[in-house]
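Just so you know, the sequences run in chain order A and B.
Residue numbers for the first sequence, in the working numbering: 1 to 291.
Residue numbers for the second sequence, in the working numbering: 292 to 514.
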Amino acid sequence: MKLAELFPKKFVITSEIGPPKGYDISKCLHEAELLKGKVDAINVTDNQSSVMRFGSLATCHFLKDKGLEPVYQVVCRDRNRIALQSDILSAAAFGIENLLLLTGDHTKLGDHPQAKPVFDLDAVSLIHAVKKLESGEDLAGNKLDGEPPKFSIGAVVSPCSEPVEPQLIKMEKKVKAGAQFFQTQAVYETEKFVKFMEKAKQFGVPVMAGIVVLKTVGMAKYMNENVAGVYVPDNLIEELKKDKEKTKSGQTGIEIAARLIKELKPYCQGVHIMPLGWDDKVPKILKLAGM
Amino acid sequence: MIVSQQKPIDEILKMLEGEKTVFVVGCNGCAEVCETGGEKACVELKQKLEASGIKVVGCTTVDFMCNKLLDSLKILRHKEKIDFADSIIALTCGVGVQAVSSVIDKYVHPANNTIYLGGFQGTWPSQERCAECGECVLDLTGGICPITNCSKSLLNGSCGGAKNGKCEIDKELDCGWEKIYNRLKKLNKLENLQKFTKLRDYSKMFPKTELRKSMFYDVEQEK
């Protein structure tokens, strides 16, 4: 099922899982199965935060086997244009239909800071590469054997960044290159998001607002200090501080996430929930948000 | 010694699309040795530009364009003419283009591609860096190099990882693409950011056979 074809029909909900460090992925697949029937598709992160893990492509393949719809995340940090195109062709053979194409974090942020960062392509040129493959040619213009692949191409944008104009410029570039839907960085400021969407709607592509479940006060403060384009307002931090037990149990985070979904829903075409390990809380969030 | 090669005249003319007047400045350092800077190359380029209908309002050379102090002294002397021109075209290496760009609020087009460091590096006393990529993109980025200023050397805009204008790998490091964005905004050239989906041609980083046959390569061969 291609996500891009789903948007005109419904408010699309996706979530995300991160493969483990090791090859026993039963826990990760179990977490994904908890979401079966509750979300439209599940993103599989690609060596998230530059930390070496089990592969995104193989995890997507396992999800497909279990009857779940994967979104194959592909970053440009670890592979050059030859390897990227090769893996994307492999994904097509596995029946993977949705891609999320990103530049990726720098190697210095992860657990192998000595590694060579590749970035032969970036998010925009990777989208261009996939479109080339879909046209029956590779990036160098050589003809592909057999049927060309066909994907639903996703990209990311950071709507609460300051300044936001470079984000909009790059979003337009991604749309021109062939992006069909967008997932956003975590949103906590509804007003900023609404303003962003007023400008972004001219591009005519569906946008899924990013929801990251707040686990602790420390996490909120850490994101404010360190995570690009993410600002948790003081009132939410106060809410997390107020009832320590409730926050610890995850209930406060669930309530905030559900409230954000309700507030953002009229302005976007879907939500992408990033539970960061709290996968079991996603069904509760969706229920509370009235999804 | 930084070795550069002049861009094809068609590429230079394409950069100048929509412009009528330029000021030409050439470097008397490494670029003069490569015949891509210095007075001779400036005069030749001037003739080519004027043959294509572009008016050259003035022309000067700087001994070492990588030196911003020398750039300021020499170029500001011609400020009146430069103000009158649509842009500056610089016959120098990638460092020289960035150095000139940083001393004057005028759009600077690179006339050359910087290919490699033949011998020892030119000593420039400041922070501009050139990666000798062989396909200079400074024309699109307002004289700030994305290859050396962005920690990921991205060509299509910021990665989204910068926070408060600083790079995701180092809070002390300015985001190169945010600098480019601010520069283009100041010079009213933001549309440049939409211009291309650029793919780098890494094969251009290696000197071509014809270049390897010239200059210092020859000297070494004779030994």
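Using N, Cα and C, we set each Cβ at its ideal position, and we do this for glycine too.
Keep in mind the model is a prediction, meaning the values are calculated, not measured.
Return the first residue and the last residue of the beta strand (DSSP E) that residue 272 of chain A is part of. Against the first sequence, residue 272 of chain A aligns to sequence position 272. That run of the beta strand (DSSP E) goes 270-274.
Exercise. Report the neighbours of residue 424 of chain B on chain A: residues whose CB is nearer than 8 Å to its CB, in chain order.
Key: Locating residue 424 of chain B in the second sequence gives position 133, where the first residue counts as 1. Within chain A, no residue has its CB atom less than 8 Å from the CB of residue 424 of chain B, the nearest being about 13 Å off.
Self-check item: Unbroken stretches of the alpha helix (DSSP H), 4 residues or longer, contained in the region 327-394 of chain B
Solution: 329-342, 359-367, 370-375, 385-394
_Given this structure, state the Cα-to-Cα distance separating residue 332 of chain B from residue 320 of chain B, to the nearest angstrom._
For the purposes of this step, residue 332 of chain B is identified with residue 41 of the second sequence, where counting begins at 1. For the purposes of this step, residue 320 of chain B is identified with residue 29 of the second sequence, where counting begins at 1. Rounded to the nearest whole angstrom, the CA to CA distance from residue 332 of chain B to residue 320 of chain B is 13 Å.
query = Exposed or buried, residue 412 of chain B, counting other C-beta atoms within 10 Å across all chains shown (16 or more means buried)?
reply = Taking the first residue of the second sequence as position 1, residue 412 of chain B is located at position 121. Note that residue 412 of chain B scores a pLDDT of 49, beneath 50, so its modelled location is shaky; the value from the coordinates is reported in the next line. Exposed, because fewer than 16 other Cβ atoms sit within 10 Å of the Cβ of residue 412 of chain B.
Taking only runs of the beta strand (DSSP E) that begin and end inside the region 13-62 of chain A, which ones reach a length of at least 3 residues, in chain order?
-> 41-44
Since I believe residue 148 of chain A is in contact with residue 135 of chain A (beta carbons under 8 Å), could you give me their beta-carbon distance rounded to a whole number of angstroms? Residue mapping note: residue 135 of chain A aligns to position 135 of the first sequence, counting from 1. Residue mapping note: residue 148 of chain A aligns to position 148 of the first sequence, counting from 1. Contact holds; Cβ gap of about 6 Å.
Tell me where the beta strand (DSSP E) around residue 154 of chain A begins and ends. The count along the first sequence starts at 1 and reaches residue 154 of chain A at position 154. Where residue 154 of chain A is concerned, the enclosing beta strand (DSSP E) stretches over 152-157.
Close Cβ partners of residue 457 of chain B (< 8 Å) along its chain, the five nearest in sequence each way excluded
The sequence position of residue 457 of chain B within the second sequence is 166, counting from 1. So the qualifying residues of the chain are 463, 464, 465, 466.
Can you look up residue 100 of chain A in the DSSP assignment and give me helix, strand or coil?
For the purposes of this step, residue 100 of chain A is taken as residue 100 along the first sequence, with counting starting at 1. Secondary structure of residue 100 of chain A (DSSP, three-state): strand.
### Message
So for residue 472 of chain B, helix, strand or coil by DSSP?
### Response
In the second sequence, the residue the question calls residue 472 of chain B occupies position 181. Three-state DSSP puts residue 472 of chain B in a helix.
Look at the alpha carbon of residue 514 of chain B and the alpha carbon of residue 342 of chain B, and state the distance between them as a whole number of angstroms. Here residue 514 of chain B corresponds to residue number 223 of the second sequence, with the count starting at 1. Here residue 342 of chain B corresponds to residue number 51 of the second sequence, with the count starting at 1. Because the pLDDT at residue 514 of chain B is just 44, under 50, the model does not fix this residue reliably, and the point stays unresolved.
Note to self: Contact criterion: CB-CB distance below 8 Å. Does residue 169 of chain A meet it with respect to chain B?
What the structure shows: The residue you call residue 169 of chain A lines up with position 169 of the first sequence. Interface residue, yes.
Do residue 297 of chain B and the ligand ZN come close, with the Cβ less than 7 Å from some heavy atom?
No copy of the ligand ZN appears in this structure; indeed no ligand is present at all.
Hey, how far is the Cα of residue 252 of chain A from the Cα of residue 240 of chain A?
Position 252 of the first sequence, counted from the first residue, corresponds to residue 252 of chain A. Position 240 of the first sequence, counted from the first residue, corresponds to residue 240 of chain A. If you take the alpha carbons of residue 252 of chain A and residue 240 of chain A, they lie about 6 Å apart.
TODO: Determine the burial state of residue 493 of chain B: buried for a count of at least 16 other Cβ atoms within 10 Å of its Cβ, exposed for fewer.
DONE: Position 202 of the second sequence, counted from the first residue, corresponds to residue 493 of chain B. With fewer than 16 Cβ atoms within 10 Å of its Cβ, residue 493 of chain B is classed as exposed.
Inset, instruction - Could you confirm whether any beta carbon from chain A is found closer than 8 Å to the beta carbon of residue 361 of chain B? - result: Counted from its first residue, the second sequence places residue 361 of chain B at position 70. No, residue 361 of chain B does not count as interfacial toward chain A.
Which runs of the alpha helix (DSSP H) at least 4 residues long sit entirely within the region 423-479 of chain B? Give them in chain order.
437-440, 467-477
Handout entry: Sequence-distant residues of the same chain with beta carbon closer than 8 Å to residue 87 of chain A, five excluded per side
Key = As a working mapping, residue 87 of chain A is identified with position 87 in the first sequence. Result list for residue 87 of chain A: 57, 74, 79, in chain order.
*Using a C-beta cutoff of 8 Å, does residue 135 of chain A count as contacting chain B?*
Counted from its first residue, the first sequence places residue 135 of chain A at position 135. Chain B contact via Cβ: absent.
- Item | Cβ-Cβ distance between residue 389 of chain B and residue 429 of chain B below 8 Å | Translated into positions along the second sequence, residue 389 of chain B becomes position 98. Translated into positions along the second sequence, residue 429 of chain B becomes position 138. Note that the C-beta distance between residue 389 of chain B and residue 429 of chain B is below 8 Å.
- Query: Which residues bound the beta strand (DSSP E) around residue 401 of chain B?
  - Reply: As a first step, residue 401 of chain B is located in the second sequence; it is residue number 110 there, counting from the start. Its beta strand (DSSP E) spans residues 399-401.
For residue 340 of chain B, tell me which candidate among B/325, B/302, B/427, B/358 has the shortest Cα-Cα distance. Taking the first residue of the second sequence as 1, we reach residue 340 of chain B at position 49. Checking every option, the nearest Cα to that of residue 340 of chain B belongs to B/302.
As assigned by DSSP and simplified to three states, the class of residue 223 of chain A: In the first sequence, counting from the first residue as 1, residue 223 of chain A sits at position 223. Secondary structure of residue 223 of chain A (DSSP, three-state): helix.
ask   = Between residue 332 of chain B and chain A, is there a C-beta pair that is closer than 8 Å?
value = Residue mapping note: residue 332 of chain B aligns to position 41 of the second sequence, counting from 1. By this cut-off, residue 332 of chain B is not an interface position.
Local conformation of residue 236 of chain A per DSSP, three classes
As a position in the first sequence, residue 236 of chain A is number 236, starting the count at 1. Residue 236 of chain A carries a helical assignment under DSSP once its states are collapsed to helix, strand and coil.
>> Assuming the contact rule is C-beta atoms closer than 8 Å, residue 379 of chain B and residue 402 of chain B should be a hit. Round their C-beta distance to whole Å, please.
In response: Translated into positions along the second sequence, residue 379 of chain B becomes position 88. Translated into positions along the second sequence, residue 402 of chain B becomes position 111. Residue 379 of chain B to residue 402 of chain B, Cβ: 10 Å. No contact.
#### Entry: Buried versus exposed call for residue 162 of chain A [16 or more other C-beta atoms within 10 Å across all chains shown]
For the purposes of this step, residue 162 of chain A is taken as the residue at position 162 of the first sequence. Exposed is the call here.
Confirm, please, whether the CB-CB distance from residue 196 of chain A to residue 164 of chain A is below 8 Å. By one-based count along the first sequence, residue 164 of chain A stands at place 164. By one-based count along the first sequence, residue 196 of chain A stands at place 196. In terms of Cβ geometry, residue 164 of chain A and residue 196 of chain A form a close pair [threshold 8 Å].
Beta carbon of residue 265 of chain A, beta carbon of residue 11 of chain A: below 8 Å? Position 265 of the first sequence holds residue 265 of chain A. Position 11 of the first sequence holds residue 11 of chain A. A contact, by the Cβ cut-off of 8 Å.
**Message:** On a Cα-Cα basis, can you pick out the residue from A/171, A/128, A/141 that is closest to residue 151 of chain A?
**Reply:** Indexing the first sequence from 1 puts residue 151 of chain A at position 151. Selected option, being the one with the closest Cα: A/128.
Checklist entry - Between which two residues does the beta strand (DSSP E) harbouring residue 70 of chain A extend? => result Translated into positions along the first sequence, residue 70 of chain A becomes position 70. Per DSSP, residue 70 of chain A belongs to the beta strand (DSSP E) from 70-75.
Buried or exposed, going by whether 16 or more other CB atoms sit within 10 Å of the CB of residue 355 of chain B? In the second sequence, the residue the question calls residue 355 of chain B occupies position 64. Residue 355 of chain B should be labelled buried.
Listed in chain order, which residues of the region 427-438 of chain B have Cβ atoms closer than 8 Å to some Cβ of chain A?
none
| Within the 8 Å Cβ cut-off, does residue 152 of chain A reach chain B? | Position 152 of the first sequence, counting from 1, holds the residue named residue 152 of chain A. Residue 152 of chain A does not count as touching chain B.
query = At a Cβ threshold of 8 Å, is residue 398 of chain B touching chain A?
reply = Residue numbering aside, residue 398 of chain B sits at position 107 when the second sequence is read from its first letter. Answer no: the Cβ-Cβ gap between residue 398 of chain B and chain A never drops below 8 Å.
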